[in-house]
Each structure stands twice: as structure tokens, then as C-alpha cells.
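Residue numbers for the sequence shown follow the working numbering, so the first one is 693 and each next one is one higher. Cβ atoms here follow ideal geometry from the backbone N, Cα and C, with glycine treated the same way. Small disclaimer: the values here were computed from a predicted structure and weren't measured. Working notes, beginning with the structure itself.
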Amino acid sequence: DDRRMFSGQVFCLARIAGEVEEQCQLTIRRVCSPAVRRGLQSSIVT
693 DDRRMFSGQV FCLARIAGEV EEQCQLTIRR VCSPAVRRGL QSSIVT
């Protein structure tokens, strides 16, 4: 299952990141979520 493999890779990278993981997730959520949501909405609308 590709999705399991992908989430496995992400988890592995997160483990490697260690202390940085939490800050990264917060930053990604803050920076990416609005853009991703906008992208999803526009792709749904279009």
C-alpha cells in the first residue's frame, strides 16, 4: 500500500528530525495549511 509506505517514510524522517520535529510540524501547519486548503477548495470548485 503506497500510502502506508509514504506515512512510514514521513514517520522515519520525523524520528530522524528528533527535537526539530515538533517545531517543523507547527511551522508546516502554519505555513502550508492555508495554501493547501485554498488549493483544495479551488480544485474542488473548478
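Residue i to residue j span [Cα, whole Å]
i, j, result
"V728", "I720", "11 Å"
"V702", "Q717", "11 Å"
"R696", "L705", "14 Å"
"L732", "G700", "24 Å"
"R722", "S734", "19 Å"
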